[in-house]
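Structure record follows, encoded as structure tokens.
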Amino acid sequence: MIRHIHGELATVCSGSVVIDVGGVGYEVLVSEPLLEVLGERGVGAHVELATYYAEGGGPGGAAPRLVGFASENDRRFFELLLSVPKLGPMAASKALVLPIGTIAKAIELGDTKTLQTLPGVGTQRARDMVAKLQGKVGEFIDGPGEVCETPAGDQLTLDALEVLTQIGLSRGDALERMRAVREEAPDLDTVDEIVRAVFRRK
287 MIRHIHGELA TVCSGSVVID VGGVGYEVLV SEPLLEVLGE RGVGAHVELA
337 TYYAEGGGPG GAAPRLVGFA SENDRRFFEL LLSVPKLGPM AASKALVLPI
387 GTIAKAIELG DTKTLQTLPG VGTQRARDMV AKLQGKVGEF IDGPGEVCET
437 PAGDQLTLDA LEVLTQIGLS RGDALERMRA VREEAPDLDT VDEIVRAVFR
487 RK
């Protein structure tokens, strides 16, 4: 399995780059944000990417492809995405248009609206991402190298979630109760108010 590649940036295409390694050109699929970064560095630049080797689908199926990432951390998050039903390597790569910290936060919060802004992610796929990965991607939120500005409401929800889980609620139950409470009373603006409202609600 090919886990990294480094060489000279030979070509920047739509959705992929070609990296020359000792005279052999390897096409590597990359996300749009990474494509922009590599494009700015320019042809001839030395680049090093973590990679995921996506095997083909057998006779008549898709050819094997390399998917590239700026860091090992990004690749680990990508590999978690592949556990989502019917989300293959190509679709997962195209979906990474936001920082992984932002995507991870949306998953942890059950924020399907944000997830649906990702290319190829509709209502059902967003729900599948939350169902499969919620509680598993917390380490990627505002992780090393991530610059992720968080709307105040999202941070408030995360803070309230931490309190509710510390006092005994499961993560899923806490999120479900908070969503209901904040729909009924969107003006709640402190952790204490949200927690009290959750426990007042039958």
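When you line the sequence shown up against our numbering, it's residues 287 to 488, in that order.
No residue lacks a Cβ here, since even glycine has one placed at the ideal position from N, Cα and C.
**Message:** Across the region 324-333 and the region 386-398, are there enough close Cβ pairs to call them in contact, namely three or more that are closer than 8 Å?
**Reply:** no
**Item:** Beta-carbon gap between residue 380 and residue 350 smaller than 8 Å
**Value:** no
**Asked** Looking at the structure shown, is residue 431 part of a helix, part of a strand, or coil, going by DSSP?
**Response** With a pLDDT of only 38 at residue 431, under the threshold of 50, the placement of this residue in the model should not be trusted; the figure read from the coordinates follows. Coil.
**Request:** Could you have a look at residue 398 and say whether DSSP puts it in helix, strand or coil?
**Result:** helix
**Request:** Going by DSSP, name the residue or residues bridged to residue 315.
**Result:** 302 and 353
**Asked** Cβ atoms of residue 484 and residue 464: under 8 Å apart, would you say?
**Response** yes
**Request:** Could you say which of 299, 295 and 319 lies nearest to residue 309 if we only look at CA atoms?
**Result:** 295
**Message:** Once the 5 residues before and after residue 460 are set aside, which same chain residues still bring their CB inside 7 Å of it?
**Reply:** 447, 450 and 451
**Item:** Of the residues 453, 477, 470 and 407, the one placed nearest residue 445, counting alpha carbons only
**Value:** The option with the nearest alpha carbon to residue 445 is 477.
**Item:** Distance between residue 456 and residue 339 (C-alpha atoms, nearest Å)
**Value:** 36 Å
**Request:** Answer with buried or exposed for residue 368, where buried requires no fewer than 16 other C-beta atoms within 10 angstroms of its C-beta.
**Result:** exposed
**Asked** When you compare only the Cα positions, how much space is there between residue 419 and residue 365?
**Response** 11 Å
**Message:** Please state whether the Cβ-Cβ distance between residue 383 and residue 318 is less than 8 Å.
**Reply:** In contact: residue 383 and residue 318 (Cβ atoms closer than 8 Å).
**Message:** Distance check for residue 397 and residue 299, CA to CA, integer angstroms please.
**Reply:** 32 Å
**Prompt:** CB residue 335 to CB residue 311, shorter than 8 Å?
**Reply:** Against a cut-off of 8 Å, the Cβ pair of residue 311 and residue 335 comes out as no contact.
**Prompt:** Does the beta-carbon of residue 394 have 16 or more other beta-carbons within 10 angstroms, so that it is buried, or is it exposed?
**Reply:** By the neighbour-count definition (other C-beta atoms within 10 Å, threshold 16), residue 394 is a buried residue.
**Asked** Ordered along the chain, which non-local residues of its own chain (more than five positions away) have a Cβ less than 7 Å from that of residue 302?
**Response** 313, 314, 315 and 316
**Request:** Note down the Cα distance separating residue 414 from residue 292, rounded to an integer number of angstroms.
**Result:** 35 Å
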